Every structure is written in structure tokens, then in C-alpha cells.
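In the numbering used here, the protein residues as written are 135 to 519.
From the three backbone atoms N, C-alpha and C, an ideal C-beta is built for every residue, glycine too.
Fair warning: this is a prediction, and the values are worked out from it, not measured in the lab.
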Ligand SMILES: Cc1cc2nc3c(=O)[nH]c(=O)nc-3n(C[C@H](O)[C@H](O)[C@H](O)COP(=O)(O)OP(=O)(O)OC[C@H]3O[C@@H](n4cnc5c(N)ncnc54)[C@H](O)[C@@H]3O)c2cc1C
């Protein structure tokens, strides 16, 4: 079925408007994306028509967005409808943000407008076989030769890797790690689709092989040797988006459970009248509000330009991802056997939520960062509201 792509002009970024778009266009196609491992291209076009691919950059910076509070709303609503789409929006936003903030003029001129418009999609290539949580261990090499770079390496788990046009690739130069913008059509790039992922199945994950991949000199993003700083900055955006997406999963679990508990009768009463079921629903409602408040705090700090947003984002991601897994687990429980069937979305929510605890810094890595910050800044931790 063709999707009404709407018009970008006048899109208000309100929760109502974003929610209606997700309810009408995104959510109805999420189960199919999960089954086929591919999001309907019409949904991607509908996002483009509303300016959603350029939302990480405010209008003043050449994007289509209106700030981080609105970006959180977008990624929450996308996560509520389809975590696979939210994952594509996440990595695209990470690539666009890096290119805008640290890219050379030549790279920005070549790609920024197309990425903002959603005419080109971006992906983020950091993980390798030996470099997971410890991403400083990357081995992909970048050698400077004549008037360009040559990249060789093998990237794993690249969200959107099957369809991306622009790859943000992290590699090791003679003076340390660096980031590069790679045209996915480069003959030195090969994509290997990764089927059967636990969750976010429609996000078209791929391995990316770089085999004597020749790049112009200005393909470097940020100073040579500063690649880990670029990765850290970009991961903050990814973490923020995933945290917001987890609020969406929480909201979706809550809605599904409230609806089901009102309809399903056992022991002579609707499930919602049983106190143990009420406890499950209550925990979801509390966690949804708490996670949304934490994401909102991180968003406001980003809009204010406060460095406190980095830790606020780690805390929001750790809380929201853990809570989303718990809520989705309880949502399957509350649906009984039906929760284990494809007729209800809660099984997908559980598989998607589990991925959120691994990507953009695992739950354990967030704990490491949060505890380290708490121990180093005891006084500040006590007073930050
Ligand atoms: C669906 C999906 C999409 C992804 N998309 C992308 C993408 O677009 N781009 C990209 O670059 N990568 C992507 N990834 C990879 C993801 O970022 C990594 O899987 C993640 O960083 C963890 O690395 P790892 O899998 O190697 O696990 P490891 O780092 O080997 O960790 C294994 C376990 O050990 C724990 N652990 C590791 N180190 C520590 C420590 N110091 N202290 C305590 N616990 C620790 C971890 O929390 C985890 O539980 C994706 C992964 C998935 C599943």
C-alpha cells in the first residue's frame, strides 16, 4: 500500500503531530519490517517528506529540526512505533551530526544537504571483531598515500549497512584513531547482510568490508588522532536517541498491556482487576514517566549547551534501556501465551528492547561511566537536579 508522504512545510514537531504520523504510517508497518528484515521504502520517504532525517541539526545549522527536546520527542515516537526505524534514524543522525560538526567543507558540501533531506542515508561503522565496548581497540587501518587515504578493515554490526549511502568509518592512522566519511558506492566497499538479528530486524544490519578503499584527503572528519573524541561525541547523540526510543518502547508496552488487561477475563474478572497484574502495569507507568523525565533533562541540557548533558544522557540511557527490557518482559507475561505469538507486538518489543541494552554503550558500560563520574564529582552529583 502506498504511503501518503505528506508535506514537510509546516511540520510542527509536536507530540500530537509526531504521534499521528507514527500511528498512521510507521506502526502499521512495523510487524512487516520485523518479519521481512526490511522497512517499507515508502516509510523512509514519508520520513523524508516531513524532514525527519535532518532533525538532529536545527534549522539554523542547515537542518530541519527545532532542538533536542523535539528530537527526543521524535525518537520516542519512532521507538513507540518501530524500533528498527528509530535505529536507522539514530545512526543517520550520528553520521550527519559528525559530518556537520567536524567534517571538512568539501565533505559537507558533498553530503550534508542530501543527508538532511533523506536523499542519502548515513551509517556509523565503529565495531570490529576485537573492538566492541572497548572501541579504542579498532584495527581498521587508514594509510595516507599521495593525495588521499587508503582504508582496510572489517566493520561488524552496522545498522543500516545494507542501504546506507554514507558511512562514518573509524580507523587507525599513524598518529592514532580518526574518523572518515566513505561513499558506500566506493569500489573498495563491500556489504555483507546480517540476517536473523534478535531485534530491530528491519534495520538492515550489515558487515562492511573495506578493501583498499581509496578516499580523498578531505574525507577525514576531525583532526587526525582525535577519532576517539569524535566517536565519543557521536555516541552521545546515539545514546540520547536510544534512550528516547526506549521511552517509546515503554509507552508501547504500557498501552498494549492496559488494552489487553481490560479485555481479557480470567477468574471471573478482567485481568486489570487482579492486583498482581496491577503491579505490573503500575511499574510500567512509573518507569515510563521516570525515563521520559530523564531523557527530557538530558535534552534540555543539550539545548542549553551544558556539558552536564553527557552524564545525564548516560543515566537516561541506562535507566530507559533497563526499564524497557523489564516492561517488555512483563508485557509478554501479562499477555500469557498470546504474548508469545506474532499476533501481538509485545514479543517484538521484548526482542527490540534487549538490543537497546547492548547498542550505543551497553548497560554495563553506562554503569562504569556513571559510577566513575559519581566517584570523581561527588559534590556535583549531589546537587544536579
Ligand atoms: C542490532 C545491533 C546493531 C548494532 N549497530 C551498530 C552500528 O550501527 N555501528 C556499530 O559500530 N556497532 C553497532 N553494533 C555493535 C554494538 O555497538 C556492540 O555490540 C557493543 O558495543 C558491544 O560490543 P560487543 O558486542 O563486542 O560486546 P563486548 O564488548 O564483548 O561485551 C560483552 C559483554 O561484556 C560486557 N562488558 C564489556 N566490557 C566491559 C567492562 N569493561 N566492564 C563490564 N562489562 C563489560 C558488555 O556490557 C557485554 O555485556 C550493533 C549491535 C547490535 C546487536
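Any non-hydrogen atom of ligand 1 closer than 7 Å to residue i Cβ
i: residue 307; result: no
i: residue 380; result: no
i: residue 334; result: yes
i: residue 465; result: no
i: residue 258; result: yes
i: residue 326; result: no
i: residue 217; result: no
i: residue 274; result: no
i: residue 323; result: no
i: residue 490; result: no
i: residue 493; result: yes
i: residue 187; result: no
i: residue 261; result: yes
i: residue 293; result: yes
i: residue 267; result: yes
i: residue 498; result: yes
i: residue 190; result: no
i: residue 368; result: no
i: residue 343; result: no
i: residue 331; result: yes
i: residue 355; result: no
i: residue 502; result: yes
i: residue 315; result: no
i: residue 193; result: no
i: residue 392; result: no
i: residue 339; result: yes
i: residue 459; result: no
i: residue 300; result: no
i: residue 160; result: no
Nearest to residue i (by Cα), restricted to the options the options
i: residue 378; options: 429, 328, 468, 404; result: 429
i: residue 150; options: 189, 345, 212, 197; result: 212
i: residue 178; options: 262, 474, 337; result: 337
i: residue 320; options: 286, 291, 487, 264; result: 286
i: residue 365; options: 331, 265, 392; result: 265
i: residue 491; options: 186, 454, 464, 343; result: 454
i: residue 392; options: 228, 401, 406; result: 406
i: residue 193; options: 234, 461, 163; result: 234
i: residue 255; options: 488, 288, 276, 315; result: 315
i: residue 308; options: 225, 159, 284, 322; result: 284
i: residue 294; options: 341, 263, 306; result: 341
i: residue 257; options: 219, 267, 243; result: 219
i: residue 425; options: 384, 362, 437; result: 384
i: residue 268; options: 282, 299, 416, 362; result: 362
i: residue 291; options: 300, 274, 318, 331; result: 331
i: residue 479; options: 243, 499, 386, 152; result: 386
i: residue 162; options: 216, 434, 512; result: 216
i: residue 191; options: 175, 182, 181, 227; result: 227
i: residue 278; options: 289, 346, 245, 244; result: 346
i: residue 376; options: 500, 403, 288; result: 500
i: residue 489; options: 335, 201, 259, 503; result: 335
i: residue 195; options: 504, 242, 221; result: 242
Beta-bridge pairing of residue i - partner residues as DSSP gives them
i: residue 259; result: 303
i: residue 276; result: 285
i: residue 326; result: 341
i: residue 349; result: 283
i: residue 157; result: For residue 157, which the question treats as bridged, DSSP gives no partner whatsoever.
i: residue 311; result: 306
i: residue 316; result: 301
i: residue 241; result: Answer by DSSP bridge pairing: none, since residue 241 is not bridged.
i: residue 489; result: DSSP output for residue 489 lists no bridge partner at all.
i: residue 292; result: 340
Check whether residue i and residue j have beta carbons under 8 Å apart
i: residue 198; j: residue 206; result: no
i: residue 484; j: residue 414; result: no
i: residue 187; j: residue 247; result: no
i: residue 443; j: residue 373; result: no
i: residue 458; j: residue 432; result: no
i: residue 312; j: residue 354; result: yes
i: residue 344; j: residue 323; result: yes
i: residue 230; j: residue 249; result: yes
i: residue 352; j: residue 497; result: no
i: residue 494; j: residue 369; result: yes
i: residue 210; j: residue 381; result: yes
i: residue 276; j: residue 232; result: no
i: residue 348; j: residue 282; result: yes
i: residue 420; j: residue 395; result: no
i: residue 303; j: residue 259; result: yes
Interface flag, residue i vs chain C, CB-CB below 8 Å
i: residue 305; result: The structure shown contains no chain C; it holds only a single protein chain.
Subject >> Whole alpha helix (DSSP H) elements within the region 165–238, 4-residue minimum >> reply: Counting only runs of 4 or more, we get 175–183, 202–215, 217–236.
Original post:
At which residue ranges does the region 355–436 contain complete alpha helix (DSSP H) runs of 4 or more residues, listed in the order of the chain?
Top reply: Complete alpha helix (DSSP H) runs here, min 4: 361–397.
**OP:** Please specify which runs of the alpha helix (DSSP H), each continuous and at least 4 residues long, are wholly inside the region 446–486, giving them in chain order.
**Re:** none
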